[in-house]
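Residue numbers (numbering that gives the first Met the number 0), protein chains in the order written: chain A, 0 to 284; chain B, 0 to 261. Quick notes on the structure that follows.
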Amino acid sequence: MALIEVEDLSFRYPGTEQLVLDRISVAFAEGERVAVLAANGGGKTTFARWLAGLLPEGILRAERGHVRMHGRSWPDWTAAERAAAVQYVGQVPSQQLSGAAFTVAEEIAFGPSNLALPIPEVRARVAESLAICNLEQLAKRDPFTLSGGEQQRLSIAAALAMRPRILVLDEPTSNLDPASRDAFIEQLAALPAALTVVVCEVALRPCLALAQRFLFLHEGHIIADGAPADVLSHPACVAIFGMTGVARAAADVRERGCWPLGLELPLTLEAGLRSFRTAERALGR
Amino acid sequence: MSAWTKPEAGPTLLFTPGSSWVHAANPLTKLAVMLWAVSAAVILPTAGTAFLILGGVALAFSIGVGRPVVERLALTLTPLAIALFVVHGMLIGRPELVLFGHIAVSPRGLADAAGILARIAAVLTASLLFVTTTHPADMLKSLDARGVSPGLSYLIASPLLLLAPLTSRAKDIRDAQRARGLDLTGSWKARITALPALFIPLITLALTDLDHRALVLTSRAFRARKQRTVIDPPLDSRRQMWLRRGVITIAVLQLGLVRLWH
Chain A
0 MALIEVEDLS FRYPGTEQLV LDRISVAFAE GERVAVLAAN GGGKTTFARW
50 LAGLLPEGIL RAERGHVRMH GRSWPDWTAA ERAAAVQYVG QVPSQQLSGA
100 AFTVAEEIAF GPSNLALPIP EVRARVAESL AICNLEQLAK RDPFTLSGGE
150 QQRLSIAAAL AMRPRILVLD EPTSNLDPAS RDAFIEQLAA LPAALTVVVC
200 EVALRPCLAL AQRFLFLHEG HIIADGAPAD VLSHPACVAI FGMTGVARAA
250 ADVRERGCWP LGLELPLTLE AGLRSFRTAE RALGR
Chain B
0 MSAWTKPEAG PTLLFTPGSS WVHAANPLTK LAVMLWAVSA AVILPTAGTA
50 FLILGGVALA FSIGVGRPVV ERLALTLTPL AIALFVVHGM LIGRPELVLF
100 GHIAVSPRGL ADAAGILARI AAVLTASLLF VTTTHPADML KSLDARGVSP
150 GLSYLIASPL LLLAPLTSRA KDIRDAQRAR GLDLTGSWKA RITALPALFI
200 PLITLALTDL DHRALVLTSR AFRARKQRTV IDPPLDSRRQ MWLRRGVITI
250 AVLQLGLVRL WH
């Protein structure tokens with residue numbers, strides 16, 4: 000059964016003609032790990048913000064379509080209810096900090112404290128989030144003095160402390176160096192199993208490590224939705240991400256021997272190359 | 000404050016950790032006493048204000064924050080003192096002047112300058128005593144514990160917290176503009192001409208940050224409830240509460256009495 004549903008969602012930014020999202024309908028189940036792939040400017044951030052209900056209420060009400068959780072559209076949720084249901088982590092690590100906390104522990108406690116939860120509950124959530132994101136050693140540090148990778152882990156910890164049902168990650172690794180990116184991707188594997196995670200990405204690596212299901216968003220439409228190998232070998236996906244991305248994905252899989260979740264992968268470098276050539280022919284290049 | 004929330008003193012904070020009775024006092028009590036000192040500095044004559052400063056500095060040394068307090072006082076007051084003495088003692092035309100070689104100085108102007116400087120020094124001493132013995136996190140917790148709106152607490156905290164990242168960003172912009180050929184080492188005129196190239200990107204980026212920060216605050220249920228949970232608020236007592244009320248009453252009364260007197 001779907002936990003959150005996007006129904007016939009269309010959206011254009013005020014003062015512009017082009018639809019960023021065009022009649023999108025998709026549903027996510029509880030505990031599902033989904034990657035939303037798109038090229039730069041492909042609508043990932045807009046989709047992620049819609050999914051998290053973070054656009055201004057006027058926009059959330061005025062536009063065509065809905066995002067519903069448990070049958071209720073986002074504008075019908077109070078701010079506290081919504082914050083406890085869905086969390087969003089964006090691209091730039093330092094911009095994910097609240098600016099109201101002097102330590103890492105306080106940053107994590109900021110959200111639960113805003114919900115006016117009892118003190119033992121806040122403490123328990125902070126301890127749990129610190130442990131999940133491996134931040135115990137940094138608990139007393141000033142969040143702004145952490146590295147980008149540490150700040151991004153802190154953003155995840157702060158989001159987890161809200162005990163959301165859905166976590167929306169918007170290009171969480173785009174501002175990280177390769178070592179921090181790898182450490183962050185490993186961290187994602189430790190997320191609670193019941194949590195629905197939607198990662199909107201342009202890079203394949205975090206998607207491959209996290210998701211069982213890929214969506215491919217292009218020019219406002221979802222043009223592929225399914226198993227990672229099927230979506231990656233879709234001609235449009237290959238054409239847009241290019242051979243490099245597909246080859247890297249295939250190399251990743253070869254290195255690991257299997258998908259992160261133990262699924263067999265029918266995608267090889269050769270298959271990727273074939274798909275790319277097909278796409279080139281289709282595009283008349 | 001428990002182990003996991005006890006913050007380290009940051010490079011942008013004047014807070015000096017310590018275990019004195021002033022450090023242990025509730026931040027709101029310290030704030031009330033600071034306000035009393037400010038109001039006293041406004042009404043006292045120069046000699047009285049000087050006693051207030053000396054008392055403040057002596058207290059600072061007795062509780063282990065003397066050095067940072069005196070250093071900041073000297074750094075702030077030295078240029079101010081020079082400017083005040085030049086303007087009041089030499090530039091403002093007054094009838095009685097005393098000649099020191101080729102320089103004519105007004106004793107009355109010097110006295111006025113000393114009076115203004117003493118008042119500023121007293122206010123600064125009281126403020127420095129407050130900030131060197133109070134971690135901003137404790138101040139915020141005290142406000143939260145007293146039921147002050149989370150929005151007001153955020154207004155107080157965020158400038159302190161965002162100062163370091165903003166400074167770092169300003170340095171990045173300066174380096175980037177230098178790499179593109181912006182001359183920041185030439186004449187004053189060249190430097191002033193270069194200012195827009197530094198400030199415009201800084202302001203633009205700060206505004207972008209605001210948008211993201213607003214998303215984070217919404218996402219973390221900021222102001223979703225009227226009151227927040229306060230973990231480990233600074234100790235408070237009925238005695239301190241009455242002291243605060245008494246000190247604020249005196250501060251208001253002494254200002255009012257002076258107005259009536261005049």
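Backbone N, C-alpha and C define an ideal beta-carbon position, used for all residues, glycine too.
Ala138, Lys139, Arg140, Asp141, Phe143, Thr144, Ala157, Ala158, Met161: these are the residues of the segment 138–163 of chain A whose beta carbon lies less than 8 Å from some beta carbon of chain B, given in chain order.
CA-to-CA, the gap between Asn39/A and Val19/A works out to about 12 Å. Residues of the segment 146–159 of chain B with a Cβ closer than 9 Å to any Cβ of chain A, in chain order: Pro149, Ser152, Tyr153, Ala156, Ser157, Leu159. Taking C-alpha positions only, Glu106/A is separated from Gly146/B by approximately 20 Å.
A straight-line Cα-Cα distance of about 12 Å links Glu62/A and Pro74/A. Along the segment 107–123 of chain A, going in chain order, the ones with a CB nearer than 8 Å to a CB of chain B are Ala108, Phe109, Gly110, Pro111, Ser112, Asn113, Leu114, Ala115, Leu116, Pro117, Ile118, Val121, Arg122.
Met89/B has its alpha-carbon roughly 6 Å from the corresponding atom of Ala103/B.
With the criterion set as a beta carbon lying under 9 Å from some beta carbon of chain A, the members of the segment 217–230 of chain B are Thr217, Ser218, Arg219, Ala220, Phe221, Arg222, Ala223, Arg224, Lys225, Gln226, Arg227, Thr228, Val229, Ile230, in sequence order.
Contact between the segment 53–71 of chain A and the segment 127–143 of chain A is not established, with fewer than three Cβ pairs separated by less than 8 Å. For the pair Leu214/A and Leu187/A, the CB atoms are not nearer than the 8 Å cut-off. Restricting attention to Leu161/B, Phe99/B, Val122/B, the CA atom closest to the CA of Phe101/A is found in Leu161/B.
For secondary structure counted as the alpha helix (DSSP H) over 4 or more consecutive residues, the segment 189–242 of chain A holds these complete runs in sequence order: 203–209, 227–231.
Secondary structure of Ser72/A (DSSP, three-state): strand. The segment 198–206 of chain A makes contact with the segment 38–57 of chain A; the number of CB pairs closer than 8 Å reaches 3 or more. Of Pro55/A, Glu4/A, Ala108/A, the smallest CA-CA separation from Asp231/B is found for Ala108/A. DSSP places Ala79/A in the helix class (H, G or I) of the three-state scheme. One thing to note: Phe221/B has its Cβ within 8 Å of the Cβ of Asn113/A. Counting only Cβ-Cβ distances below 8 Å, Asp208/B has contacts in chain A at Gln94, in chain order. Against chain B, the CB of Glu170/A has no partner CB under 8 Å away; the residue lies outside that interface. Among the CB atoms of chain A, none fall inside 8 Å of the CB of His22/B. In terms of beta-carbon proximity, Leu142/B stays away from the interface with chain A, with every pair separated by 8 Å or more.
Under DSSP, Ala28/A shares a beta bridge with Ala1/A.
Contact note: Ser97/A reaches chain B through Val215, Leu216, Arg219, using a C-beta cutoff of 7 Å and chain order. One Cα belongs to Arg81/A, the other to Ile3/A, and the distance between them is close to 12 Å. At least one CB of chain A lies nearer than 8 Å to the CB of Pro135/B. Using a Cβ-Cβ cut-off of 8 Å, Ala163/B counts as an interface residue toward chain A, since at least one Cβ of chain A sits closer than that to its own. Looking at the DSSP output, Ala103/B shares a beta bridge with Leu98/B. The alpha-carbon of Val64/B is positioned some 30 Å away from that of Lys170/B. Relative to the Cα of Leu76/B, the nearest Cα in the group Gln239/B, Thr132/B, Thr124/B belongs to Thr124/B.
In the DSSP annotation of this structure, the continuous segment of the beta strand (DSSP E) that includes Gln86/A starts and ends at 85–88. Among the CB atoms of chain B, one or more fall inside 8 Å of the CB of Gly89/A. Looking at the backbone, the Cα of Leu36/A and that of Gly64/A are separated by about 21 Å. CA-to-CA, the gap between Arg244/B and Ser152/B works out to about 21 Å. When the alpha-carbon of Asp21/A is set against those of Phe10/A, Ala28/A, Met161/A, the nearest one is in Phe10/A. Of Leu194/A, Ala104/A, Gly98/A, the smallest CA-CA separation from Gln136/A is found for Ala104/A. In the three-state reduction of the DSSP assignment, Ala163/B falls in the helix class.
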